[in-house]
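Enquirer: The following block contains the structure, expressed as structure tokens.
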Amino acid sequence: MSTHAAARVAAPTRREQILKEAARLFAERGFHGVGVDEIGAAVGISGPGLYRHFPGKDAMLAELLVGISERLLAGGELRVSEDAASGDGSPEALLDALIEGHIDFALDDRPLITLHDRELDRLRDTDRKRVRRLQREYVEVWVTVVRDLYPALPEHEARATVHAVFGLLNSTPHLGRPGALPDRTDTAALLHRLARGAFAAAGEHRPA
1 MSTHAAARVA APTRREQILK EAARLFAERG FHGVGVDEIG AAVGISGPGL
51 YRHFPGKDAM LAELLVGISE RLLAGGELRV SEDAASGDGS PEALLDALIE
101 GHIDFALDDR PLITLHDREL DRLRDTDRKR VRRLQREYVE VWVTVVRDLY
151 PALPEHEARA TVHAVFGLLN STPHLGRPGA LPDRTDTAAL LHRLARGAFA
201 AAGEHRPA
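Residue numbers for the sequence shown follow this note's numbering, beginning at 1 and rising by one.
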């Protein structure tokens with residue numbers, strides 16, 4: 001594929017542009033603090049023009065929160081399946097891959113973390129339950145890998161540790177003002193060390 005063709009494939013669609021700007025604005029000013037006209041202006045179309053892509057703000061919010069939950073689960077499952085297919089992986093390498101994937105999300109999609117924390121309860125009941133189900137499945141992907149690496153770790157402790165590590169990694173909205181972060185490479189490496197340290201501490205602990 002030519003570079004030009006690759007660029008065309010990689011270019012975000014108008015729908016993706018709308019969702020990205022909606023996420024940013026919702027995270028910065030709150031769901032009710034942003035109007036359709038403002039989202040439209042951010043992507044260079046009229047507010048009413050957004051209705052060709054979404055029926056309203058509620059639909060944007062649902063697609064953002066359901067969509068990221070689907071992508072995280074799919075990414076985790078893909079890493080597990082690729083590891084199984086290669087036949088030469090290890091639980092440690094797979095855990096590193098899961099951590100790296102989640103760090104990419106935590107650094108690149110900070111507005112979605114803020115949205116989830118603030119606005120999840122605004123979703124319709126069916127969408128909110130779907131998000132929760134997807135998140136539980138994503139956690140279980142990690143729990144399986146963690147227990148493969150630390151087989152003596154009880155399942156409930158492995159699950160609690162996974163949730164704690166998610167809290168650590170998802171702290172990125174507090175690391176800097178919107179649109180700014182410390183050096184990305186250094187931040188990713190630090191988060192990775194902290195996550196591995198948390199899992200190691202849980203796995204090595206033995207009751208007195």
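C-beta atoms are modelled at their ideal positions from N, C-alpha and C, and glycine is treated no differently.
With respect to the alpha helix (DSSP H) encompassing valine 43, which residues constitute its N-terminal and C-terminal limits?
Expert: Indexing the sequence shown from 1 puts residue 43 at position 43. It spans 36 to 43 - the alpha helix (DSSP H) in which valine 43 sits, taken as one unbroken run.
Enquirer: Determine, using beta-carbon pairs with one atom in the stretch 183 to 197 and one in the stretch 165 to 174, whether at least three such pairs fall under 8 Å.
Expert: yes
Enquirer: Here's a check: name, in chain order, each residue in its chain whose Cβ is nearer than 7 Å to the Cβ of glycine 75, leaving out the five neighbours to either side.
Expert: Position 75 of the sequence shown, counted from the first residue, corresponds to residue 75. Gly101, listed in sequence order.
Enquirer: Assign glycine 33 to one of three DSSP states: helix, strand, or coil.
Expert: As a working note, residue 33 is residue 33 in the sequence shown. Correct three-state label for glycine 33: helix.
Enquirer: Comparing C-alpha positions only, which one of Phe166, Glu38, Asp104 and Leu153 sits nearest to aspartate 117?
Expert: For this step, residue 117 is matched to residue 117 along the sequence shown. When each option's Cα is compared against that of aspartate 117, the closest is Phe166.
Enquirer: Kindly indicate the opening and closing residues of the alpha helix (DSSP H) around leucine 95.
Expert: For the purposes of this step, residue 95 is identified with residue 95 of the sequence shown, where counting begins at 1. Here the alpha helix (DSSP H) through leucine 95 covers 91 to 108.
Enquirer: Taking just the CA atoms, how far does alanine 41 sit from arginine 29?
Expert: Taking the first residue of the sequence shown as 1, we reach residue 29 at position 29. Taking the first residue of the sequence shown as 1, we reach residue 41 at position 41. If you take the alpha carbons of arginine 29 and alanine 41, they lie about 16 Å apart.
Enquirer: Please report the distance separating the alpha-carbon of threonine 114 from that of arginine 128.
Expert: Here residue 114 refers to the residue found at position 114 of the sequence shown. Here residue 128 refers to the residue found at position 128 of the sequence shown. Looking at the two C-alpha atoms, the distance is approximately 16 Å.
Enquirer: Measure from the alpha carbon of glycine 197 to the alpha carbon of each residue in Pro154, Glu92 and Gly49, then state which is nearest.
Expert: For the purposes of this step, residue 197 is taken as residue 197 along the sequence shown, with counting starting at 1. Per the Cα distances, Glu92.
Enquirer: Can the beta-carbon of valine 141 be found less than 8 Å from the beta-carbon of alanine 158?
Expert: Position 141 of the sequence shown, counted from the first residue, corresponds to residue 141. Position 158 of the sequence shown, counted from the first residue, corresponds to residue 158. No, they are not a contact pair.
Enquirer: Give a yes or no on contact between the stretch 77 to 96 and the stretch 49 to 64, applying the rule of three or more CB pairs nearer than 8 Å.
Expert: no
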